[in-house]
Every structure is written in structure tokens, then in C-alpha cells.
Amino acid sequence: MQLFPCPFCGPRDETEFHFGGEAGKVRPEPAGEVSPAAWSRYLHRNANPRGATREIWVHLTCGEFFLMERDTVTHAVAASWSLRKEEP
Amino acid sequence: MTARRISGSGASLSFSFDGRPLQGRAGDTIASALLASGVRIVGRGFKYHRPRGIYGHWTEEPNALVDVTRDGRTTPNLRATTEWLTEGMIVRSVNAAPTAETDRSRYLDRFARFIPAGFYYKTFLWPDWHRFEPSIRAMAGLGRLDPDHEPPADAAPVNARCDILVVGAGPAGLAAALAASRAGRSVMLVDDRPEPGGSLLWNETEVDGVGGAEWAGAVARELRDRGQRVLPDTTAFGVFDHNLVALWERRHDQPDRQWRVRAKTVVVAAGSIERPLVFPDNDRPGVMSAEAALVYLKLHGVLVGERIVLAANNDRALAAAEPLRAAGAAVTVADLREGPVIDGVHGASGVEAVTISGRRMEADCLLVSGGFTPTVHLFCQAKGRLRYDDRIAAFVPGEPLPGMAVAGAANGAFSLQEALDQGHAAGGGNGVAPRAAASGAPLSIKPAWPRPGSKGRQWIDFQNDVTVKDVELAARENFRSVEHLKRYTTLGMATDQGKTSNMNGLAAMAAITGRTIEATGTTTYRPPFVPVPFTVIAGRRRGELFNPVRRLVLEAEHRAAGAVFREYGGWLRPAWYGPGSAFEATLREAKQARETVAIFDGSPLGKIEVMGPQATDLVDYNSYNTLSTLKPGRFRYGFMLTESGVVYDDGVTARIADDHYLVSCSSGHVPGVMARLEEWRQDRFDPAKIAIHNSTAGLATLTATGPRSRRLLEALALGVDLSDEALPHMAFADGVFDGATARIARVSFTGDRSYEITVPASKAPALFAAMVEAGRPLDAFPMGSEALLLLRAEKGFLIAGKDTDGTTMPHDLGVRGPRDRRAGEYVGKRSLFTDDAMRDDRQQLVGLSVEGETPLPTGAHAVDRIEGRRRSIGFVTSSYWSPTLGRPIALALIRRGLGRIGETIELVHLGRPLKASVTPPCALDPEGARLNA
Amino acid sequence: MSGRYSAFALLREGLRGHTGWKPAWRMAEPKKEYDVVIVGGGGHGLATAYYLAKNHGIRNVAVIEKSWLGGGNTGRNTTTIRSNYFYPESVALYDFALKLYEGLGRELNYNIMFSQRGVVTVAHSDAEMEIAARIVNAMQINGADAELLGPGEVFERIPLANAGPKARYPVFGGVWQGRAGVARHDAVAWGYARAADGFGVDIVQDCEVEGFLVENGRCAGVETSKGTIRAGAMALAVAGHSSVLAAKAGFDLPIRSYSLQAMVSEPVKPCLDTVVLYLGTGTYLFQSDKGEIVVGGGIDRVPSYAQRGNPPAQQTIISGMLEMFPSFGQLKMLRQWAGNVDVVPDSSPIIGPSPLPGLYLNCGWGTGGFKSIPAGGWLTAHLIAKGDHHEISRPFDLDRFATGRLIDEAAGSGIAH
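Chains as they are written, first to last, in our numbering: chain A, 1 to 88; chain B, 89 to 1021; chain C, 1022 to 1438.
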């Protein structure tokens, strides 16, 4: 049971959170100009790093999406911040 | 072994072992009571069925597993050394029949040479393993499950937090807890014994001028007085992410329960476990851990033998000689540091004599110690790495972990003062640590590891019957990694999880392969430290609480009306009303709904409000169908897609005002729709300009549907003009019911004229009563979900997830407009144009009609033939007898289905061939005249 | 020396102290160059090597493993083998694996203890029974064995299942596949390793990949902790670590790694004779030959490489089991562990060429890797030897993510596999 720091509510159990995806993906648009490869990359490809990663999460109890940097091996959490704030 | 009780008071308790009536005392474990009663053989080995006695004194015990019946209820596989005796307890040995003493499978030991480690991988190949399996299974297994005993789910876990969690209330743990408490920190101290003290309870010593046990009691009292938590009978069995420690608390008059403790610092002061010595026939009853003999003497007043041989390779264990002599035993000491070797023990069913370095000695008990293995389980579970310390012949914690300290014997500190000092430091103590009377000399030990190539059968893992020869065989066959050794020989995989065997096993492998013990390494330490009851882990999460259903505000009213409830999308809803079978009731309701007026509780339907200057942009983006062109006061039906272009849900959206929408969705999809709206609100639009609110729970919706629905509405007098001009299909208006706003919406899930009335949930009972009353002269009646499903199917109205699957795109449902023409972006758009989305043989929703009276089975597949081979081209998703049409109807997803309308297709259900002809999905009133009838 | 395993060999060795058994495999050190190098010494990697040698005569092969062979998901799963799938592509794949498993013990001369005791998937409502019928019909049409069971037939197979009035998930019926079962997971890895070694394949343990050798845009070998190894062709069979190696080779994959937990009880005498899955709880379990109840469920919800247990998922799995079998509340959890599973958006495997020519993929098995080991190995070997797909593996090519032609069992059957 990990503790994730919601930037709005503070540290909470991982069961209150939902994984949103890896950070940094930009939805390719407009649809008519997006190649199959580009769309597939957006929909399906992940870096899935072993180690440090930056992801989007949502805290289900407050509904806020945010960014979090953590380690996928040690589960150490480095930082989290609101989607609308610059990274600390 | 002629063990006997020599002291102690405790009330007498009756119990039985393998059918023999025996007496024990309050405060006895089953093991101490068996020893005091002179029982030597308490079980049989797993594989060879050799007789086994009690070896240890606590959680490390490998042999004494028993099935215990209390109050008529049996629990299998309890460890006799940790289970407290109670009056009337019925104790049976496991894996032995009829008794441990007279086990009829004992002949197996004579075939031992043919069934070494892993023998089963090499045989049972012909004709087939499954032929041999039943008899092998019957021989395996330990205790017996009691099929009639269903333990209740009655212990909710407790969540707690503290600055310092101390695991183990021995000297190091007590010193840590005391120091932390005096430094003003919040402390939890847990120990798996009923009293604090750990090794102080059986080693005669003084701390700070008082007896060890007395000091331990005083420390626990001080902690309690300061408001700290001290949990006896509690085992810390697992460390998880971010210092979450799981505890198993055993309570006397209440069920066991789990604690989940989040600690800033965990101090592991879990002590150590004495290792057996490895020599020929070292598994005989009467061979016992030296420390265990002390424990039975000091805690239970049981002297384990009259003529004892004590063989040990370390001074700590050899010190047991004095108290045993003082209790009246003749003790012969073999100090293995000085060279003697145990050649073997004599006596097939228990020690009769011991030969050491060629000298035979009559004895009834052989106490052994091969050193001590620090209990580093929690440190290792937290991914700590061990280092091998030659001086004490043991693995100890290496680099410290953040948030965790290891102290005392668990950290390789075997002298009392060292343990107190380490505990004091781990607790962040100021000043001096508690003082021990004894000197602080470190452990004096000379390794006595198993020797490969030696004679006889020498046990390493007692419970799983793994010998030195098995380790040699594993090495010979190149199962040399410790993990291969474990898996191939099953060493350390028994219910004691190798507490006494792992070190000897890996030392044997190290010796055989010429590597160091450190290079050989240990296997992975995994939770739990001891077997933990499943009920403790599950807590209350059973039955209704496993995955609670959502309940309607009107549940009581529906029950009074005769509703039969079923679960739909996580909600408990009326399936039908009144007596009769589901089939009859559903037909009755569906028929009447088309003739008079049905009252249906649609409250679980999702009602999500989207408001603000960018609300239009968001709902447009979220929806396959354009919503920005919708006029206020009107509804539009449409789909929400996933980014993969698949239909996620269908439903109507109302535009309440220019910047205010009400998005409805299936009851089961409410959290999902909320989540996607929030995601895009925050990650695509300006969140300051959109607010989203889930109104589902606060509102109740009752629907009147059928030709007489308008008359029912008129009778309710809600203050709304119900004319078709003022309130046409797909429009809504706000009225008043009982002083509250009542939104009246003309949307239809049945194809008939319908009115949905939405009121605050608190008004639902009154509204339901009013509708029933107003409906009385109209032959109105309550309708359940089953009839609604039937009515929808008659109209070809799909149920997302039933009549669509995870591949269905909107154009498969004949809704092509937005895909072909819509200019802007919306969720899932690009995916509607992949190669797969453009295929011309996609499965499309169609109707099916059959000859005769029997509806098609839902789940039947349509098939065609390619080169003579049958192939599925789709399946029936909904199928009913339509009481209105007087014939069966069905919906199906069929490959290229819309192009096959009019064709007859072949179907198959459980091997039975069927035929049907393909029709448009809508079987009733395709023109929609009934909407305004 | 005893090369071949049999009851007779066991007797003979028993009489001479088991001193004549040969190593199950050599402790090989890598040569400078091989025709094929396979990364990953789990079931799929070892099976690929075996079938390269046996089916295609390619014996100059190395399997390199960063730790000990069989130590990844092969040695951490719940050992169920079944082919109760919905789509014809899936049935073709998993039933091929099941058929290979049926003869595997004798073929490898290694008892993998494949116990075809059947799998029952239990449905809890009329709606789920309709889905169950949809699946049974699909399986029968696709040539796999399947039966639709009524509640009585379910209770015949699992008499201790919760029949109480308060059962959260009542038994309405189920899907039965009688040929399905369980096998001894380690034995599958060891059996393939021993047989591959017998063909001359080098199995190199404690050999970690550090990078790939790329020449003229083609994968020419691999840099390892034991030096550079050149290869005519390479394959990756590293499950949850696929993304890590793909990154070293310069591409990414539609994979996310998660922990999948499982646990066992202490052994008890036989009380459960089939494999059981409840749709309602998502928990599945069976009793091992040793007597332990082996139980598993859904994956953890946090992407991770940590391979460690986690209380929330444990509680869900265990409480699910007790809801299904209330008397199992007498039992205790003995051991718990986690694998690192490679989850793909459609939960179907990826078999095929990678974006780096000369490097082939065998990954994305997610929670279903063990049951497919023989097929995965067979098909990957075919791909390497022929340079082109076997007809069974073609639908599972990486290109499906661009065409959109996913094989999503959960989408088709409504049941996550």
C-alpha cells in the first residue's frame, strides 16, 4: 500500500488514486491529418520505464488530476504537482 | 524422552491427543502439555512418515502441526508450540492415521531411497500423470479441512499510525520503545507472546538491577501509562510499501484481527532462531533445540529429559546446562567448538542413546544448537540486503534502510548489553541505555555446518523431509542456485518457511559447490512471517460487504408492491413484481405497458451536470453526436465513444440553458463518465470555466410509460402544460411536486409515450404514492427492469454492453452521420478511420426473426462455412417472446449484418442448429407513431 | 549414468545412492557467436530454443538469462492451462498450447505434472449465463471443448462452494472446460531447459543484457555482463521487462508492467478438485498436488516493476476466495509473491518482428504467459527460422495496433482473461 501525495489533499493511500497515463503525451489532431502510426503511438505506446517515471494520476476522492514523479522499482515518490502548475 | 512437569501452578485442563485423554495446565501451549504428558511422537514427516517429536518452542517449530477441534469446530494445521491449551480441546496429529504413534504409512520410510528430492519429475510419465495424481494427492496435504466450519467475517482491520513501531518486546525492543517514548514519540510495541520480555523470560539475568522479566513488565507498564500502544499476542507478519506494517493480533474472547500500521520508523527487534545441528538421524523425537528446553523449563515448568546430552557449537546454548541441572536433570555437555562430532542417535521412535565422537551415551534427550539465525524477515521483505558475518556465523542486515532500524539479536547482537544498547539507539534514546548485569561478551561460536559426503540420512528440512543427500543430488543435477535448490528439493517451502532449515540448506550447497555462504546467498524473504489466517486478511469484506450493492430510495415501497430484486449495474433494482415465474411476470408487465401505463423507477440512471462558459465545448468533445446545436429545453440521444472509437455508453443529454447540460448515462457507467468528463475538463479545457456535478444520488426519477401515461401525468397536476405542442418528444419542462422542482422529461426507452419525473430523492416516496394513486383508474402498475429490457428489444433500442461489445463502433449501429460529416474533434474520432474500422465485414446490430414460437437462445452464434469449416459470424445479444407482437424477437451482432437483411442465416447453440432471418433491429412500430399515441 | 528418466532409472539410481544422475543442464558460458540468441530464460525463451532445435534443426543457439532460469513469471504464476477463449484467433493460439501441453511430459521426458482436472468459470446472474452461452458456443465452433453448466453441475464439481442464502455471488451456472488444468510450473521450465540443453543449446545464467549490437540497421548481437555475443537473429522473451530491453534496442512497445500477486495456503488433504474462477469476485483458485490452495486474482493497479505483495489486492483476492468457499476461512496464508506482467491494451500477446530487423518479439502475455509457453515457443521458433509468421501467430503481430485490429477478449466475451 503506497502513499501518494495529492497536491490538494496531502498523502493518501494508493487505493484512492487512479492511474491516468504517462505524462507528456499530446493528442494528435486534427483526426484527418493523423497517420495510423501517430495515432497508434498516442493510444498505445508507453515508455514504461524501469525506474524514474512521470505520470498523470487522479485523486478519486477530490477529482483532481495531477502529475507525479516516482520510481517504478523502489516506489519512492519524488514529487507531485497540479496539472496547472509548473513543475516544482 | 521422559519429560515431566516439575513445577508450576495453573488450573488443570483436560484435552485429548490422537484420542488419548490427557491433562495440561492453564498457560500451557499444546506442545508443553504434550511434553508434560510424556508424549514423544507428535507427528510424522511429510514424505517418509518418520516419527517426529517437538523440536522447537515457538513459531520455528517444524514438526508439531496439529488439527484442533474447539467447541465442535476444527481448524487444521495449527502449530502446537504457539497454540494455547484450552479445556476440552481435541488435538489430532496431521498426515498420520490412525495416530502419529501407529501411523500406517510408516512403511514408506523403507522406500526412501527410491523417492529422493524431485523423484516425481522423473517418473509417472506413462500413461499419464493424471492417473497417478489422485493417490499422490491423497498422501500429500497435512491437516483436514472441516467442511462444515465456515468462520464468520467478524473482525474489521484497524488502521493506525505512529512515530515508531517496535517489533519484538525482548530486551532490544523494550529498550527501543522505552527510549522513543521518553523522547516524546508515539510508540507501538508489538510482540507475538502474551507477555513482554522475549528471551528475558527464560534467561536468568538482571536489567537495571531487577530481574529481566520484572524489568520487561515495568517497561510495558510505563509505556501504557504514557498512552503508548502495547500489543501482546501480536505478530508483525509483513512490511509493505512506504513502511506499512501488517499485524495479526490474537484476542481471547474476540476474533483475531489485522492492524495496518503506518510507521515513520520501524524497529525490527525480532530476535533470532536457534538452528538445528545436522547429523545422522537428527530428526528423531527427543532431539530438541537447546533454547526450547529452557523455554519449557522456565515458562511451563516442564523438564524435557532426565538424562540430557547438550551438544552445541556456541556458548549461549551451552549455558542451558546449568538451569537444566538445577532442575534435576543429568546433563552431559558436548562443546562442539572443541572438536567432538555427533555420530548419530539411537532409538527409532525416540532418543535412547547418543554417540558422540565414537562414544555412546545413554540419553533420553539430545539438545542441540548450531547457532542462531537473526530474524531478519521484515528487513528483507523491505528489500534490505544481508551480509554474512563470519564471527557469528550468520547473515545480518547490511546497509540500513531508510525508515527502518534493526536491533538486538535480529541484528546479530547476541549479548544482552549489546541488544539493550542497540535498542536504545534505535529508539532515538538520549543518555545511557538500560544496564544488564551480565557481561557484554559477544557470541562465541564455531560454525558447524552440514558436511557433504557424510554417512547416513541427515535432515535439513524436517517438515518437508529434505536431507543433505537431497542437496547433493540437486547440486549434481545443477540445481545450484539457492532458488533452484529450494524449488527442486522443496527445502524451506513447508509451513515453517524454512525458519530452522534455510541456513543449513544454503550452507550445505555452499560447501558442495565450493562457494562461500555469502556468495551462495539466501532465497527471497516473502510475507507472511508466519501463516496468517485468511479471515484476518479478508476482514469484514464478505457477503454484502464484499462489494456492496447500491440501493434505491424506494426499496421499501417496491418490496411492499411485491418486487423481486436483482442486481443491475451495481444497483439492486426490481426485476419484476408479484408472484409467478420471472418469465410470466415479465411478459405480463411488458404486455400491459403497451396497453395502459407502467410506473418504472429509473433513479439509478446517471445524471451529470456540466455547467459554465466552456460547458458546450466539453460536452461536444465528449460526445459522438454534436450537442452544441441542441436548443435549451431539448434532449438529444447519442453515444459516448472511447478513444478507440468503441461505443462506451449511450444516453440522452439535455440542454438546460446555454451553458448548462445534463448528461445522462447508464447507471453502471456513472463513475466512468464522471472520470472522463473531469479528465478532459482539466486536461483540455479551462477548468475554471467548467463545473461538473454528479446529481445522480440526490435525485430520484420515476417514469410513466405507455398510452395512458399522459393521463397519469395530468392527474398528478404538476403545473406543466402537457400538450404535445408545449412538451413534444425529447423536450422537458419544470413543474412542482410537493413544493419541490419536478423536471418532466419526454424521453422514451420503450418506444411509447413516456414521461420521466425527476424530483429530489426525499420526495420520491410521496411521488411514487401519488403516481400509484393517480394511476389506479388507468390500470397503472409498477414495472421491473426485465420488462423494460423486453420493451427496449422490441424497439431495437440497444443496451450498451449487452447489444454492443467492446468492438462496436457507432457506424456498426447504423449511426454514421457524425463519422461521415462532423468536422470538429471528439473523443474516439481518429479511431473510426483505422483499417479495422473501415472493414466492410464488421459486426452490425440487426434484428432476427424465427419461425415458430420459440425464441432464439441468447448467446447462440450465427455461423457460415469457409472451405467446409464452420465459423462464427456473430451472436444473439437479446432475445424474447414479444407479447405485443405475438412472436419471438431478437437482436444480434452479425458480420455484415445490415447487408444481409432479408437473408436466412444458420445459427448454432450448444451444438444444435437453428435458423433465422435477418431483419432491421426495430420490430415494433418502426415509424414511431406510438411515441405520440 | 542416467540420462533418460523413468521409473526403472529411479529404481536403479535408488540402489546406488543417486550418484549417477547427469546434470539437468550444463552451466554454460557464452560463445562469441550463435545463429540465434534468445534473451530470457523463462518458459517462452527456453521453449523457443527447444523448438528451434527440434523443429528447425537450429542448434547453435543460446538462451541468456540475467538471473536463474525459470525465475521470472514462469516460476511465479498460478499454473493454470486453459483455452476457454472467445475469438477464433485466441482459441487457435491457446488450444494449440494446450494440445502441446497434453503430450509435453512424455515428449520432454520430464514430468510436468499436467493435471487436466478442468476449469469451471462461475456465472452469477441470467445476464452472465447469456454471456457464458456466448462463450461456450464460440469455443465449440472454434474446436475447443466447452460445456455450459447449470448450478447443480457446478456444485457437483465444487461442493464446498458458497450455497448460502447470503452469498454475494450466487451460482447460476458456469462454463466448463474439462481439458484445462494445472501443471508444475518449474518443471515446465526445467523440462524445456533439459531438453534444449540435450540438443546443444547453451543456457547462460547470470548474464544480463546491457545493450544491442546494431549493424547496418540490423540487430547483430547483444552486449552482456558476460561480454559481446553475436547472433544471426535474436528474440526477446522477457515478459514484464520487455519495455526495458526494447528501450535498449531503441523502440517502445504498447506494454505496461504491473505486479500480479498470488498466494498459497498451508497444505490440507484434498478438498477442491478443479480450477475455479468466479466472475463476480475475479478470484481464481485450485488445490495443488501438495495440498496448498493456490489463489490469485486481478493485477495491482499501479504500474510497477517492484514484484512485491500489496495488501489491497491481497485483501480483494482473499476475501473473494472466502466469499466463494467460506470454509476456507479455517486456512492460513502461507506464502505470497508477485510476478511482473506485461500488459497490452487488448491483453493479447505480441509475437512478431520488432521495429529493429533481426530482433523478434515474444511478449505481452500479461497474466496468461504460462498457459501458452509451448505455443509461444513453437511460434517464435517458426518466426525466427522462417523469417515469417506461422498462421496462428500472424494476428498477434505488433502491426495490429496501427490497423486497429485488436484481439480483445474482454471486449468480445465481456470477461477479462
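Quick reminder that beta carbons are idealized off the backbone N, C-alpha and C, glycines included.
CB contact below 9 Å: residue i versus chain A
i	result
Q680(B)	no
A1327(C)	yes
A1196(C)	Looking at the sequence shown, residue 1196(C) is not Ala but Val. Taking Cβ atoms only, chain A never reaches closer than 9 Å to V1196(C), which makes this a no.
R1277(C)	yes
T1424(C)	yes
L706(B)	no
D1273(C)	yes
Chain B contact for residue i (CB, 9 Å cutoff)
i	result
T61(A)	no
I1162(C)	yes
M1134(C)	yes
P1452(C)	Nothing about residue 1452(C) can be read from this structure; chain C reaches only from 1022 to 1438.
A1406(C)	no
P1051(C)	no
F1417(C)	no
Beta-carbon proximity of residue i to residue j, cut-off 9 Å
i	j	result
I845(B)	T789(B)	yes
T1142(C)	W1211(C)	no
D321(B)	E337(B)	yes
A526(B)	T293(B)	yes
G872(B)	E632(B)	no
V278(B)	L319(B)	yes
R834(B)	A819(B)	yes
Interface flag, residue i vs chain C, CB-CB below 9 Å
i	result
K1003(B)	no
A23(A)	no
S40(A)	yes
M89(B)	Since pLDDT at M89(B) reaches only 49, below the 50 mark, its modelled position is unreliable, and the value read off the structure follows with that caveat. No, no contact with chain C.
L43(A)	yes
Y209(B)	yes
A31(A)	no
D329(B)	yes
A626(B)	yes
Q702(B)	no
Per DSSP, cross-strand counterpart(s) of residue i
i	result
F723(B)	A742(B)
V994(B)	Note on identity: in this sequence residue 994(B) is Glu, with Val being the wrong assignment. In DSSP, E994(B) forms a bridge with V951(B), K1003(B).
S1369(C)	The partner list for S1369(C) (beta bridge, DSSP) is empty, contrary to what the question assumes.
R345(B)	E337(B)
Taking only runs of the beta strand (DSSP E) that begin and end inside the stretch 150 to 209 of chain B, which ones reach a length of at least 3 residues, in chain order? Those beta strand (DSSP E) runs which fall completely within the stretch 150 to 209 of chain B and span 3+ residues are 153 to 158, 161 to 167, 177 to 181.
Please determine if the stretch 53 to 70 of chain A and the stretch 352 to 360 of chain B are in contact, where contact requires at least 3 C-beta pairs separated by less than 8 Å. no
Output the residue ranges of the alpha helix (DSSP H) runs that lie fully inside the stretch 1223 to 1270 of chain C and measure 4 residues or longer, sorted by chain position. 1263 to 1270
I'd like the ranges of any alpha helix (DSSP H) spanning at least 4 consecutive residues and lying wholly in the stretch 458 to 495 of chain B. Counting only runs of 4 or more, we get 465 to 469.
Three CB pairs or more closer than 8 Å across the stretch 1083 to 1091 of chain C and the stretch 1417 to 1425 of chain C: Contact between the stretch 1083 to 1091 of chain C and the stretch 1417 to 1425 of chain C is absent, with fewer than three C-beta pairs closer than 8 Å.
Between the stretch 245 to 253 of chain B and the stretch 271 to 285 of chain B, do three or more beta carbon pairs fall short of 8 Å? With the cut-off at 8 Å, the stretch 245 to 253 of chain B and the stretch 271 to 285 of chain B touch.
So does the stretch 1144 to 1162 of chain C actually touch the stretch 190 to 201 of chain B, counting three or more Cβ pairs closer than 8 Å? no
Whether or not the stretch 1343 to 1360 of chain C and the stretch 1289 to 1304 of chain C are in contact is what I'm after, with contact meaning three or more pairs of Cβ atoms, one per stretch, closer than 8 Å; do they touch? yes
Tell me whether the stretch 1108 to 1122 of chain C and the stretch 1177 to 1185 of chain C touch, counting them as touching only if at least three CB pairs, one residue from each stretch, are closer than 8 Å. no
For the stretch 91 to 145 of chain B, which segments carrying the beta strand (DSSP E) assignment without a break, of at least 3 residues, lie completely within its bounds, in sequence order? 100 to 105, 108 to 113
Is there contact here, the stretch 958 to 965 of chain B with the stretch 983 to 998 of chain B, by at least three beta-carbon pairs under 8 Å? With a cut-off of 8 Å, the stretch 983 to 998 of chain B and the stretch 958 to 965 of chain B count as touching, because enough Cβ pairs lie within range.
Restricting to runs no shorter than 3 residues, where is the beta strand (DSSP E) found entirely within the stretch 900 to 984 of chain B? 931 to 937, 949 to 954, 957 to 970, 975 to 983
What are the start and end residues of each continuous beta strand (DSSP E) run of 3 or more residues lying completely inside the stretch 658 to 686 of chain B, in chain order? 659 to 665
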